[in-house]
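Residue numbers (full-length UniProt numbering), protein chains in the order written: chain A, 1 to 348; chain B, 1 to 348.
2 protein chains.
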Amino acid sequence: MEKQQGYRVAVVGATGAVGEKMLETLEKKDFPIESLTLLSSSRSAGKSITFKGEELIVKEATPESFEGIQIALFSAGGSVSKSLAHEAVKRGAVVIDNTSAFRMDKDVPLVVPEVNEADIANHQGIIANPNCSTIQMVAALKPIQDAFGMTRVIVSTYQAVSGAGTIASEELRQQSQAFLSGEELNPEILPVKGDEKHYPIAFNALPQIDTFQDNGYTFEEMKMINETKKILHSDALHVAATCVRLPFFTSHAESVYIEVENEDLQVSDVQQVLSQAEGIVLEDDPSNQQYPTPLSAAGRSEVFVGRVRKDPDNPKGFHLWVVSDNLLKGAAWNSVQIAESLIKNKLL
Amino acid sequence: MEKQQGYRVAVVGATGAVGEKMLETLEKKDFPIESLTLLSSSRSAGKSITFKGEELIVKEATPESFEGIQIALFSAGGSVSKSLAHEAVKRGAVVIDNTSAFRMDKDVPLVVPEVNEADIANHQGIIANPNCSTIQMVAALKPIQDAFGMTRVIVSTYQAVSGAGTIASEELRQQSQAFLSGEELNPEILPVKGDEKHYPIAFNALPQIDTFQDNGYTFEEMKMINETKKILHSDALHVAATCVRLPFFTSHAESVYIEVENEDLQVSDVQQVLSQAEGIVLEDDPSNQQYPTPLSAAGRSEVFVGRVRKDPDNPKGFHLWVVSDNLLKGAAWNSVQIAESLIKNKLL
């Protein structure tokens, strides 16, 4: 058998929470790699990381770092993407960007492969990976939209701290220990590292993810609203979101209300479509207390759906509970899927 | 000044999570008491509890325990209420019942004093205290319903473990410690003590509160749906609920979507009405990151509302974030308020 061609890959933000999962995923899925370049800010440069048994040194990302790179996976924050993604493209790389820097740009496809893989073909050097909370929701909703038509989405999220980075996970761990020991909590990171006020996350719930916009919504909520419409190719779809940070480490959960076009639709119809959808696992058997939870979804790359039920009053309304590992399908795994699609469709 | 008349009060379930808060509330609000009888199951009988500096012994609740009692506050579970509430009424007591045993009975007023105090006048011996998650929601929604008309409610809850009793709080504490120490979790209580399966609550989220009904909704969700319509006197109101148990000890939070009758209504109109409503504290200033959280509401008897905003697509839609201490306004404080109203309106 002919040896599969390998690619020259760079991971920007290799030492972060998503970067770590990106490397785990490339290794686990045996992604075809000819050379792997690990990049980061100057702060983390010099660290060593083991990949497939080989020790690699993380280098500071500069425009020149991308010479000869074919695929650049960015997850080092929006400002790094804004300053370096175009430099990578200029040098011939295709950038898969995990930040919000370019997601709403008209020229940048925003892609969840199970949902809108065809959009990748329109790329002009940059492909955006959607926000973690958006990815799992649209993955669950697309099969329903295709089968039955969908007019409306209202989501309330239950989001893990790892979405705010390794430092947020560390803060939850430290605060939880302090709380249980009766010690004082000293919040410094959450809800938003760069924002003015910080609140305890241990044994608490914070209805703020990312900064507030002028309209009273947080940026996280606006991401879910705008990205969902873009990925599902439907400006007419009504979408509203409330995003809440909670004291668990991994996986986002979502209570999703949707309205479909057909009032005769039954729970079993929705379950049937979800059970056959790519990348979706239906875990929905109330009589056996079966439903997904953040802990049960952690470490897995699928999107789990349970608690499918019809609205008690609106025959077009349905409720779902959607859970997925925010660092895998919500970030690393979706990015690697995009890279695999680029290769498969000869779009590099 | 004439000394205020005191009443002969019994607390049934005095050693439980709500019972404890009931006694704290009676003491703190200086409720007029001539005699206080503490009752429980045989299991907890014999324990001693200090009330206003005096040591009281908890006795086993029997029909005869209620001889001479004027006000009986029940919070020892539905089966205790079902077997003893009528015995108490037969002996002349008015029962304020904190369980779900009688809430939907036509003859039993279901009361949140700020919302439907007048219903107390129709009591026939038993007045029901609504479910904790219902109380805080209807307290926030009633002023909006009165001022603007309301047609629809969709709620996703974020509920504290103390709603499942002291044993559930203890389970969260033990599991959290075990998780942080890298030890195995052995769930035995949550989501529902008497149900077949148990899942870890530490650093997790469980989309099941109370047992599942045949329609796929949990009993907690059906309580929110049915009780809300009864308390707000509106069978036509559309109500849907998703109830989720989360790893914090105190206060329930709720992401509430409502539809009002008037599409010209603005966020400031809703805020204005809430800021003047009895028992409500508006904490809503996104520009200063001001919003309520479970920790900030714990130990306080009001209902806190923040994150008021208009739906991005539906001009009749609004979103709110409602938080309150589930053991105080959600249980003990609301029960004591009902008792105060009975006295004030000479309904004993």
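From the three backbone atoms N, C-alpha and C, an ideal C-beta is built for every residue, glycine too.
Inter-residue spacing [alpha-carbon to alpha-carbon] between residue i and residue j
{"i": "B/Ala14", "j": "B/Asn116", "result": "27 Å"}
{"i": "A/Val89", "j": "A/Ile126", "result": "7 Å"}
{"i": "A/Glu340", "j": "B/Ile231", "result": "56 Å"}
{"i": "residue 353 of chain A", "j": "B/Ser169", "result": "This structure cannot settle anything about residue 353 of chain A, because the visible part of chain A is limited to 1 through 348."}
{"i": "B/Gln5", "j": "B/Asn345", "result": "14 Å"}
{"i": "B/Ala140", "j": "B/Tyr217", "result": "24 Å"}
{"i": "B/Phe148", "j": "A/Ala164", "result": "39 Å"}
{"i": "B/Ile343", "j": "B/Pro286", "result": "41 Å"}
{"i": "A/Glu184", "j": "A/Met150", "result": "48 Å"}
{"i": "A/Asp105", "j": "B/Asp235", "result": "47 Å"}
{"i": "B/Ile338", "j": "B/Ile120", "result": "8 Å"}
{"i": "A/Pro63", "j": "A/His86", "result": "9 Å"}
{"i": "A/Gln70", "j": "A/Arg91", "result": "9 Å"}
{"i": "B/Ala178", "j": "A/Gln177", "result": "11 Å"}
{"i": "A/Val281", "j": "A/Asp214", "result": "38 Å"}
{"i": "A/Val80", "j": "A/Asn262", "result": "46 Å"}
{"i": "B/Ile49", "j": "B/Leu56", "result": "5 Å"}
Own chain residues within Cβ distance below 7 Å of residue i, not counting five before or after
{"i": "A/Gly19", "result": "Val11, Gly13 and Ser75"}
{"i": "B/Lys47", "result": "Thr15 and Val58"}
{"i": "B/Ile135", "result": "Val112, Lys329, Gly330 and Asn334"}
{"i": "B/Lys223", "result": "Ser100, Asn131 and Thr134"}
{"i": "A/Val270", "result": "Ile144, Val308 and Phe318"}
{"i": "A/Ser44", "result": "Thr15 and Val58"}
{"i": "B/Val273", "result": "Pro143, Ile144 and Ala147"}
{"i": "A/Phe51", "result": "Leu23, Glu27 and Leu36"}
Cut-off 6 Å between Cβ atoms - residues of its own chain near residue i, not counting five sequence neighbours on either side
{"i": "B/Pro292", "result": "Glu283, Phe304, Gly306 and Val323"}
{"i": "A/Thr37", "result": "Ala10"}
{"i": "residue 394 of chain B", "result": "The structure shown does not extend to residue 394 of chain B, since chain B is modelled only from 1 through 348, so no value can be given for it."}
{"i": "B/Asp311", "result": "Gly317"}
{"i": "A/Glu114", "result": "Ala139, Glu278 and Gly279"}
{"i": "A/Phe248", "result": "Ala160 and Pro294"}
{"i": "B/Lys28", "result": "none"}
{"i": "B/Ala240", "result": "Ile154"}
Min CB distance residue i to chain A below 8 Å
{"i": "B/Glu2", "result": "With a pLDDT of 47 at B/Glu2, under the threshold of 50, the modelled position of this residue cannot be trusted; read the value that follows with caution. False, the Cβ-Cβ gap to chain A never drops below 8 Å."}
{"i": "B/Arg309", "result": "yes"}
{"i": "B/Asn131", "result": "no"}
{"i": "B/His238", "result": "yes"}
{"i": "B/Thr37", "result": "no"}
{"i": "B/Tyr7", "result": "no"}
{"i": "B/Asp105", "result": "no"}
{"i": "B/Thr50", "result": "no"}
{"i": "B/Thr228", "result": "no"}
{"i": "residue 353 of chain B", "result": "This structure does not reach residue 353 of chain B, given that chain B is present from 1 up to 348, and the question cannot be answered."}
{"i": "B/Ile144", "result": "no"}
{"i": "B/Ile225", "result": "yes"}
{"i": "B/Pro312", "result": "yes"}
Any chain C beta carbon closer than 8 Å to residue i
{"i": "B/Ile231", "result": "Any reference to chain C falls outside this structure, whose protein chains are A and B."}
CB contact check: residue i to chain B, cutoff 8 Å
{"i": "A/Leu265", "result": "no"}
{"i": "A/Phe248", "result": "yes"}
{"i": "A/His86", "result": "no"}
{"i": "A/Gly53", "result": "no"}
{"i": "A/Ala253", "result": "yes"}
{"i": "A/Val138", "result": "no"}
{"i": "A/Gly306", "result": "yes"}
Per DSSP, the bridge partner or partners of residue i
{"i": "A/His238", "result": "A/Arg152"}
{"i": "B/Phe203", "result": "In DSSP, B/Phe203 forms no bridge with anything."}
{"i": "A/His252", "result": "A/Ser324"}
{"i": "B/Ala331", "result": "B/Ala331 pairs with nothing; no bridge assigned."}
{"i": "B/Ala128", "result": "B/Asp97 and B/Leu110"}
{"i": "B/Glu52", "result": "Here the sequence assigns Lys to residue 52 of chain B, which means Glu is not the residue at that position. For B/Lys52, which the question treats as bridged, DSSP gives no partner whatsoever."}
Sequence-distant residues of its chain with Cβ nearer than 8 Å to residue i (five each side left out)
{"i": "A/Glu2", "result": "Reliability fails at A/Glu2, whose pLDDT of 48 lies under 50, so the model's placement of it is uncertain and no value is given."}
{"i": "B/Phe203", "result": "Ser176, Phe179 and Pro247"}
**Message:** Give me the subset of the region 327-348 of chain B whose CB atoms are less than 7 Å from a CB atom of chain A, sorted by chain position.
**Reply:** none
**Within 7 Å of chain B by C-beta, residues of the region 149-182 of chain A in sequence order** = Closer than 7 Å at the C-beta level to chain B, one finds these residues of the region 149-182 of chain A: Ile154, Ser156, Tyr158, Arg173, Ser176, Gln177 and Leu180.
**Under 9 Å (Cβ pairs) to chain A, residues found in the region 269-299 of chain B** = Asp284, Pro286, Ser287, Asn288, Gln289, Gln290, Tyr291, Pro292, Thr293, Pro294, Leu295 and Ser296: these are the residues of the region 269-299 of chain B whose beta carbon lies less than 9 Å from some beta carbon of chain A, given in chain order.
**Message:** By the 8 Å beta-carbon criterion, what residues does the region 182-215 of chain B contribute toward chain A?
**Reply:** Pro191, Asp195, Glu196, Lys197, Tyr199, Pro200, Phe203, Asn204, Ala205, Leu206, Pro207, Gln208, Phe212 and Asn215
**Message:** Give me the subset of the region 314-328 of chain A whose CB atoms are less than 8 Å from a CB atom of chain B, sorted by chain position.
**Reply:** Cβ contacts with chain B: Asn314, Gly317, His319 and Trp321.
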